[in-house]
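Student: Numbering-wise (full-length UniProt numbering), the sequence shown opens with residue 1 and increments by one. Beta carbons are placed, not taken as given, at the ideal position from N, Cα and C, and that holds for glycine.
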Amino acid sequence: MKCPFCNQDNTRVVDSRPADDNSSIRRRRMCDECKRRFTTYEKVETIPLVVIKKDNSREEYDRSKIEAGVLRACYKRPIPVQKIKELVDNVETELFNREEREIESKVIGEIVMDKLKNLEAVAYVRFASVYREFKDVNTFMDELKKILN
């Protein structure tokens, strides 16, 4: 790491600790030449994920869209916010563990539904009704029968 003050290459780490956001490391460094200190941040580089939508358009993955959909499905249900956060974290972990750069939105929806099914039945049906775009009561009833069996 080059010193930002004297531009020399020989610097060393004198202190490391997690940054405030817990997703990076804060390092205090000192230049062996000019003896000045400076701070750097180290963060894991993630593979950018692109979502292929139903109309074949592509957009960058956005965690907040999954959170919003799950929160709508869980509206007025007795589900702690921590459980919702864990569910979204699990979905995101599963997505990034696939190590694919592009993923279809329907795959994301199926993963979310699978996780919601184990969390809460009403939230699952709410999410499924929007995600699967139920056209009539019969398709809605078919989904309910799957849960009851």
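Report the partner residues of proline 18 according to the DSSP bridge assignment.
Tutor: Partner(s): Ile25.
Student: Grouping DSSP H, G and I as helix and E and B as strand, with all else coil, what is arginine 37?
Tutor: In this structure, arginine 37 counts as strand in the three-state DSSP scheme.
Student: Mind pulling the alpha helix (DSSP H) runs of 4 or more residues that sit fully within the region 32-117?
Tutor: Runs found: 63-73, 81-97.
Student: Does DSSP put arginine 12 in a helix, in a strand, or in coil?
Tutor: Note: arginine 12 maps to strand in three-state DSSP.
Student: If you draw a straight line from the alpha carbon of glutamate 86 to that of isoleucine 103, how long is it in whole angstroms?
Tutor: Near 21 angstroms, if we compare the C-alpha coordinates of isoleucine 103 and glutamate 86.
Student: How long is the line joining the alpha carbons of methionine 113 and alanine 19, rounded to whole angstroms?
Tutor: Looking at the two C-alpha atoms, the distance is approximately 34 angstroms.
Student: Please name the residue or residues paired with methionine 30 in a DSSP beta bridge.
Tutor: Arg12, Arg37.
Student: Considering Cα atoms alone, identify which of Asp136, Pro48, Val130, Arg126 is closest to asparagine 97.
Tutor: With distances taken between Cα atoms, asparagine 97 lies closest to Pro48.
Student: Is it right to say residue 160 is buried, meaning 16 or more other beta carbons lie within 10 angstroms of its own, or is it exposed?
Tutor: Because the chain is modelled from 1 through 149, residue 160 falls outside the range shown and cannot be assessed.
Student: Mind checking whether valine 51 and glutamate 59 have CB atoms under 7 angstroms apart?
Tutor: Yes, the Cβ-Cβ distance between valine 51 and glutamate 59 is below 7 angstroms.
Student: Between valine 88 and phenylalanine 140, what straight-line distance do the alpha-carbon atoms span, to the nearest angstrom?
Tutor: Taking the straight line joining both Cα atoms gives about 25 angstroms.
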